[in-house]
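Number of protein chains: 2
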Amino acid sequence: MLMAATVQSLPMIEQDHPCFGCAVRELAICGSLESAALREFKANGPAADYEAGETVVYEGDRAANVYTLTSGLLRLSKLLPDGRRQIAGFLFPGDFLGITMEEEHAFTAEAVASSSLCRFPRRQFDDFVADHPELERRLYAVAAHELAAARQQLVLLGRKTATERIASFLLMLASRCHSMGSSEEIDFPMSRADIGDYLGLRIETVSREITALKTGRLIQLTGRHSFRIVDRDRLEQLAEG
Amino acid sequence: MLMAATVQSLPMIEQDHPCFGCAVRELAICGSLESAALREFKANGPAADYEAGETVVYEGDRAANVYTLTSGLLRLSKLLPDGRRQIAGFLFPGDFLGITMEEEHAFTAEAVASSSLCRFPRRQFDDFVADHPELERRLYAVAAHELAAARQQLVLLGRKTATERIASFLLMLASRCHSMGSSEEIDFPMSRADIGDYLGLRIETVSREITALKTGRLIQLTGRHSFRIVDRDRLEQLAEG
DNA sequence: CGACGGATTGAAGCACCTCAACGGGAGTGG
DNA sequence: CCACTCCCGTTGAGGTGCTTCAATCCGTCG
Chain A
1 MLMAATVQSL PMIEQDHPCF GCAVRELAIC GSLESAALRE FKANGPAADY EAGETVVYEG
61 DRAANVYTLT SGLLRLSKLL PDGRRQIAGF LFPGDFLGIT MEEEHAFTAE AVASSSLCRF
121 PRRQFDDFVA DHPELERRLY AVAAHELAAA RQQLVLLGRK TATERIASFL LMLASRCHSM
181 GSSEEIDFPM SRADIGDYLG LRIETVSREI TALKTGRLIQ LTGRHSFRIV DRDRLEQLAE
241 G
Chain B
242 MLMAATVQSL PMIEQDHPCF GCAVRELAIC GSLESAALRE FKANGPAADY EAGETVVYEG
302 DRAANVYTLT SGLLRLSKLL PDGRRQIAGF LFPGDFLGIT MEEEHAFTAE AVASSSLCRF
362 PRRQFDDFVA DHPELERRLY AVAAHELAAA RQQLVLLGRK TATERIASFL LMLASRCHSM
422 GSSEEIDFPM SRADIGDYLG LRIETVSREI TALKTGRLIQ LTGRHSFRIV DRDRLEQLAE
482 G
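Those protein sequence lines, which keep their order, are chains A and B. Residues in the first sequence are numbered from 1 upward in steps of one, following this note's numbering. Residues in the second sequence are numbered from 242 upward in steps of one, following this note's numbering.
Right, here's the structure in full:
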């Protein structure tokens with residue numbers, strides 16, 4: 001019954017629809033479009049694939065395209081002149097890349113793992129959005145959500161300790177990569193360097209803090225890029241300071 | 242001629258219009274509405290005044306209203322359980338308060354200096370926006386801009402040194418409080434504590450760094466809450482690392 | 001005048017960084 | 001199959017930039 005309700009809330013599409021079978025349709029902005037409009041939309045957005053490490057857009061590039069991530073993981077980052085790097089966020093499947101009214105991308109987007117995207121020419125995308133208020137609405141909701149997330153990250157970077165940052169990060173992973181479930185195994189493809197650049201820490205500190213959480217039996221490491229939450233309560237307590 | 246062009250780009254309003262003489266109309270989202278729509282809009286948004294230190298909205302409050310700041314200065318902040326505070330941003334005249342699709346405000350908004358706002362019931366505001374695509378567009382632009390600013394602040398908090406943070410902050414003040422002009426005096430009403438909580442530093446560090454910039458002849462302190470940029474080039478160099 | 005709050009200055013401590021060595025899994029080549 | 005290398009992650013020891021604690025200064029207000 002619950003599942004039926006979920007499905008019911010989505011516009012139905014046909015088996016021959018180009019978006020039929022898309023795993024992230026309901027998550028992505030596409031989810032706000034009904035079948036015919038979605039078909040027209042998708043006609044402008046062919047797939048584009050990137051291997052881990054490849055760059056999707058460079059900071060400073062003209063923002064000629066916008067994207068929807070269908071699978072994989074991207075990082076949004078910025079480099080200071082001397083090489084210091086800050087990752088402003090990760091994009092998960094269903095996330096939208098290209099929230100801006102500026103001419104240029106403000107951040108570099110790179111594939112952390114091999115990723116697939118739907119790529120839309122910005123011009124056509126804008127025109128299409130102008131004709132579809134429901135899409136405009138959805139875009140605003142996405143922007144508002146991203147803004148809240150970025151501001152939450154400001155609290156982490158400005159005021160939390162290394163331990164609190166790592167705990168917050170692991171909980172974020174748990175909520176984004178998974179459908180809850182307390183003791184499930186959580187995979188994350190990003191390196192310790194990526195984690196450090198996201199949390200404003202050095203890789204050595206990331207490593208030490210993760211080890212400490214493992215030693216304290218808050219988490220269990222099931223691999224270098226996967227873990228299990230053992231004591232969610234204590235982890236949440238830690239994360240909030 | 243230049244002025245005429247600027248005025249021309251704005252929808253004209255009449256002398257008896259409730260928004261006639263509003264100093265921030267062109268800056269605020271209101272700037273996207275033509276006279277009649279703006280009149281209808283303003284009918285739902287009476288003025289509300291707050292003294293320095295008063296709270297406009299509390300984190301966790303139901304988001305029953307949205308606001309446009311017409312004068313003064315607000316801070317958006319969040320408190321950790323043990324009292325640590327992070328300021329996510331400042332709102333200047335013309336800025337919009339209430340970018341969210343959530344039911345509750347994620348941040349507390351307080352007046353740094355005595356401030357005036359136009360207050361709109363959220364429900365009516367949403368309805369009005371739904372009827373005015375140009376306003377929806379403008380809201381999206383505002384959200385995208387705020388998102389870019391927040392992400393830029395992530396770089397500052399995650400990777401910049403205390404000196405670089407202060408330099409960046411002073412330049413931000415210069416660009417937001419003023420119409421450029423190199424050696425103008427810049428006033429800022431926020432306390433050292435506010436600055437520290439915005440930059441992820443303690444007030445002692447803020448004080449020391451400001452003193453250092455003064456000693457190094459990069460800036461000149463003209464009062465406890467005002468300064469002048471002496472060497473903008475070096476200040477910008479510092480700010481970028 | 002004294003008291004108060006915000007800002008500055010000084011001295012000592014510590015959380016995280018830096019530098020350096022080591023470990024372990026994946027790929028390669030014999 | 002083992003030997004080798006490379007890359008990434010872990011661990012250790014020492015350094016440092018910012019914090020913490022504390023005293024002083026200064027403008028405002030009663």
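Note that beta-carbon positions come from the ideal geometry of N, C-alpha and C, so glycine has one too. As the structure is a computational prediction, the values presented were derived from the model and not from experiment.
Item, Value
"Go through the segment 355-441 of chain B residue by residue and report every complete run of the beta strand (DSSP E) that reaches 3 residues or more, in order.", "426-428"
"Which partner residues does residue 459(B) have in the DSSP bridge list?", "Per DSSP, none; premise fails for residue 459(B)."
"Cβ closer than 9 Å: which chain A residues qualify as neighbours of residue 481(B)?", "80 and 81"
"If you follow the alpha helix (DSSP H) that residue 39(A) is part of, which residue opens it and which one closes it?", "35-43"
"Report the neighbours of residue 347(B) on chain A: residues whose CB is nearer than 8 Å to its CB, in chain order.", "148, 151 and 152"
"According to the neighbour-count rule (16 or more other Cβ atoms, all chains shown, within 10 Å of its Cβ), is residue 58(A) buried or exposed?", "exposed"
"Measure the C-alpha to C-alpha separation of residue 107(A) and residue 359(B) and round it to an integer number of angstroms.", "34 Å"
"Would you decide whether residue 366(B) is buried or exposed? Buried here means 16 or more other CB atoms lie within 10 Å of its CB.", "buried"
"Do the CB positions of residue 444(B) and residue 434(B) come within less than 7 Å of each other?", "yes"
"Run the CB neighbour count on residue 416(B), radius 10 Å, all protein chains shown included, and call it buried at 16 or more, exposed below.", "exposed"
"Taking 6 Å as the cut-off, is the CB of residue 336(B) close to at least one heavy atom of the ligand GTP?", "Because no ligand of any kind appears in the structure shown, any question about the ligand GTP cannot be addressed here."
"So, at 6 Å on beta carbons, what are the nonlocal neighbours of residue 220(A) in its own chain, with the 5 sequence-adjacent residues on each side left out?", "228 and 230"
"Between which two residues does the beta strand (DSSP E) containing residue 329(B) stretch?", "326-332"
"Looking only at DSSP bridge pairs, what is residue 238(A) linked to?", "None; residue 238(A) has no bridge partner."
"Alpha carbon to alpha carbon, how far is residue 247(B) from residue 276(B)?", "In this prediction, residue 247(B) has a pLDDT of 45, which is less than 50 and means its spatial position is unreliable; what the coordinates show is noted afterwards. Cα-Cα distance, rounded: 17 Å."
"Measuring straight from C-alpha to C-alpha, what distance separates residue 296(B) and residue 313(B)?", "13 Å"
"Taking 7 Å as the cut-off, decide whether the C-beta atoms of residue 283(B) and residue 259(B) are in contact.", "yes"
"Could you pull out every residue in the same chain whose Cβ sits closer than 7 Å to the Cβ of residue 475(B), ignoring the five residues on either side in sequence?", "459"
"Can you check whether the C-beta of residue 454(B) is within less than 7 Å of a C-beta belonging to chain A?", "no"
"Cβ atoms of residue 384(B) and residue 88(A): under 7 Å apart, would you say?", "no"
"For residue 140(A), would you say it is in contact with chain B, using Cβ-to-Cβ distances shorter than 7 Å as the test?", "yes"
"Please go through the same chain and pick out, in chain order, the residues whose beta-carbon is closer than 6 Å to the beta-carbon of residue 112(A), but skip the five residues on each side of it.", "73, 75, 189 and 190"
"What first and last residue would you give for the beta strand (DSSP E) that runs through residue 67(A)?", "65-79"
"Going by DSSP, which residues form a beta bridge with residue 261(B)?", "The partner list for residue 261(B) (beta bridge, DSSP) is empty, contrary to what the question assumes."
"DSSP beta-bridge partners for residue 226(A)?", "187(A) and 223(A)"
"Along the chain, where does the beta strand (DSSP E) containing residue 231(A) start, and where does it finish?", "Here residue 231(A) belongs to no beta strand (DSSP E), and DSSP marks it neither H nor E."
"In whole angstroms, give me the CA-to-CA distance for residue 336(B) and residue 311(B).", "8 Å"
"Can you give me the C-alpha to C-alpha distance between residue 240(A) and residue 152(A), rounded to a whole angstrom?", "11 Å"
"The beta strand (DSSP E) with residue 290(B) in it runs from where to where?", "288-291"
"If you drop the 5 nearest sequence neighbours on each side, which residues of the same chain put their C-beta closer than 7 Å to that of residue 344(B)?", "303 and 304"
"Using beta-carbon positions only, say whether residue 200(A) and residue 399(B) come within less than 7 Å of one another.", "yes"
"Is residue 193(A) close to chain B? Criterion is C-beta to C-beta, closer than 7 Å.", "no"
"Please report the Cβ distance between residue 451(B) and residue 380(B), rounded to the nearest whole angstrom; I am assuming they are in contact, meaning their Cβ atoms lie under 8 Å.", "With 8 Å as the limit, residue 451(B) and residue 380(B) do not qualify as a contact, their Cβ atoms being about 36 Å apart."
"Starting from the C-beta of residue 377(B), find all residues in its chain whose C-beta is less than 6 Å away, skip the five residues before and the five after it, and write them out in chain order.", "370"
"Under 7 Å, do residue 266(B) and residue 272(B) count as touching if we go by C-beta distance?", "yes"
"Would you kindly report the start and end of the unbroken beta strand (DSSP E) that includes residue 296(B)?", "296-298"
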